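Peer 1: Next up is a structure, given as structure tokens.
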Amino acid sequence: MVIQFIALLFLFSSSMTSAYAGNAWSKIGYPLAGRPQVIGSYAAGCIAGAVALPLVGDGYQVMRASRNRYYGHPLLIRFIEEQGRQAAGHGNRLLIGDLGQPRGGPMPNGHRSHQSGLDVDVWFLQQPRDRVLSRTDIERIDMLPMVRAT
Numbered sequence: 001m002v003i004q005f006i007a008l009l010f011l012f013s014s015s016m017t018s019a020y021a022g023n024a025w026s027k028i029g030y031p032l033a034g035r036p037q038v039i040g041s042y043a044a045g046c047i048a049g050a051v052a053l054p055l056v057g058d059g060y061q062v063m064r065a066s067r068n069r070y071y072g073h074p075l076l077i078r079f080i081e082e083q084g085r086q087a088a089g090h091g092n093r094l095l096i097g098d099l100g101q102p103r104g105g106p107m108p109n110g111h112r113s114h115q116s117g118l119d120v121d122v123w124f125l126q127q128p129r130d131r132v133l134s135r136t137d138i139e140r141i142d143m144l145p146m147v148r149a150t
């Protein structure tokens, strides 16, 4: 029943314009309970059973937390936590950008591939393990571009 509801919600949202659909999905504040299940594809999908990545963990910190894009499949969350532990073991802290929204789906801007809770952005800005950024910093610091326009 829950999966049927999600499928209907997904079909309904895909018939709207992407901007409107993205805004509707971004207003959902919590994940759908149940076992993890990816529905659709990474660029046209959603997720049931997503979990939130803690905003600060051993060797990592979530950036832009106000966007509420720190949810993912439990396997992705475990992967990030493990990478954080490895970074901490080397004296570093990873800065984690967007994952997905609580139920996945299109976002109001960017990240077509983050709809199913299986993608994560890792910022390439080295931070010492002991430095936890302030709420202001995590919203203001810009991600460094990895490709320079020529």
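Residue numbers for the sequence shown follow my numbering, beginning at 1 and rising by one.
For every residue, glycine included, the Cβ atom is placed at its ideal position computed from N, Cα and C.
Keep in mind the model is a prediction, meaning the values are calculated, not measured.
Measuring straight from C-alpha to C-alpha, what distance separates A43 and R64?
Peer 2: Residue numbering aside, residue 43 sits at position 43 when the sequence shown is read from its first letter. Residue numbering aside, residue 64 sits at position 64 when the sequence shown is read from its first letter. Rounded to the nearest angstrom, the two C-alpha atoms are 21 angstroms apart.
Peer 1: How close, in whole Å, do the beta carbons of A50 and P102 come, if the pair is a contact with beta carbons under 8 angstroms?
Peer 2: Position 50 of the sequence shown, counted from the first residue, corresponds to residue 50. Position 102 of the sequence shown, counted from the first residue, corresponds to residue 102. So it is a contact: roughly 6 angstroms between Cβ atoms.
Peer 1: Quick one: which unbroken beta strand (DSSP E) runs of 3-plus residues sit fully inside the stretch 76-130? Chain order, please.
Peer 2: Runs found: 92-96, 122-128.
Peer 1: Which residue's Cα is closest to the Cα of L125: S41, Y60, G29, L55?
Peer 2: The count along the sequence shown starts at 1 and reaches residue 125 at position 125. Minimum Cα distance to L125 is reached at Y60.
Peer 1: Smallest Cα separation from R131: which of E81, L95, P36, R69?
Peer 2: Looking up residue 131 in the sequence shown gives position 131. Checked all of E81, L95, P36, R69; the closest Cα to R131 is L95.
Peer 1: Run the CB neighbour count on G104, radius 10 Å, all protein chains shown included, and call it buried at 16 or more, exposed below.
Peer 2: The residue you call residue 104 lines up with position 104 of the sequence shown. The residue in question, G104, is buried, as its Cβ has 16 or more Cβ neighbours within 10 Å.
Peer 1: Which of the three DSSP states, helix, strand or coil, is assigned to A19?
Peer 2: Numbered from 1 along the sequence shown, position 19 holds the residue referred to as residue 19. Confidence at A19 is low in this model, with a pLDDT of 46, below 50, so the placement of that residue should be treated as unreliable; the coordinate-derived value is given next. A19: helix per DSSP, three-state reduction.
Peer 1: Should Q86 be labelled buried (16 or more other beta-carbon atoms within 10 Å of its own) or exposed?
Peer 2: The count along the sequence shown starts at 1 and reaches residue 86 at position 86. Exposed is the call here.
Peer 1: Does the Cβ-Cβ distance between S113 and V38 come in under 8 angstroms?
Peer 2: Position 113 of the sequence shown, counting from 1, holds the residue named residue 113. Position 38 of the sequence shown, counting from 1, holds the residue named residue 38. Their beta carbons are not under 8 angstroms apart, which means S113 does not touch V38 by this criterion.
Peer 1: If you check the beta carbons only, do G97 and D58 fall under 8 angstroms apart?
Peer 2: Position 97 of the sequence shown, counted from the start, is the residue given in the question as residue 97. Position 58 of the sequence shown, counted from the start, is the residue given in the question as residue 58. The answer is no: Cβ separation not under 8 angstroms.
Peer 1: Please tell me whether S26 and E139 are closer than 8 angstroms, where the distance is taken between their beta carbons.
Peer 2: To locate residue 26, count along the sequence shown from 1; it is residue 26. To locate residue 139, count along the sequence shown from 1; it is residue 139. Taking 8 angstroms as the Cβ cut-off, S26 and E139 do not qualify as a contacting pair.
Peer 1: Less than 8 angstroms between the CB atoms is what I'm expecting for P31 and Y71, so what's the real figure, rounded?
Peer 2: Residue numbering aside, residue 31 sits at position 31 when the sequence shown is read from its first letter. Residue numbering aside, residue 71 sits at position 71 when the sequence shown is read from its first letter. Between Y71 and P31 the Cβ distance is about 6 angstroms, and since that is below 8 angstroms, they are a contact.
Peer 1: Going by DSSP, what residue range makes up the alpha helix (DSSP H) through I141?
Peer 2: Taking the first residue of the sequence shown as position 1, residue 141 is located at position 141. Neither: I141 is in no alpha helix (DSSP H) and is coded neither H nor E.
Peer 1: Quick one: measure Cβ to Cβ for D119 and L144, integer angstroms, because I've assumed they're closer than 8 angstroms.
Peer 2: Stepping through the sequence shown from its first residue, residue 119 is reached at position 119. Stepping through the sequence shown from its first residue, residue 144 is reached at position 144. Contact doesn't hold; Cβ gap of about 19 angstroms is too wide.
Peer 1: Less than 7 angstroms between C-beta atoms, sequence neighbours within five positions excluded: which residues of the same chain meet that for H111?
Peer 2: Translated into positions along the sequence shown, residue 111 becomes position 111. The residues are D98.
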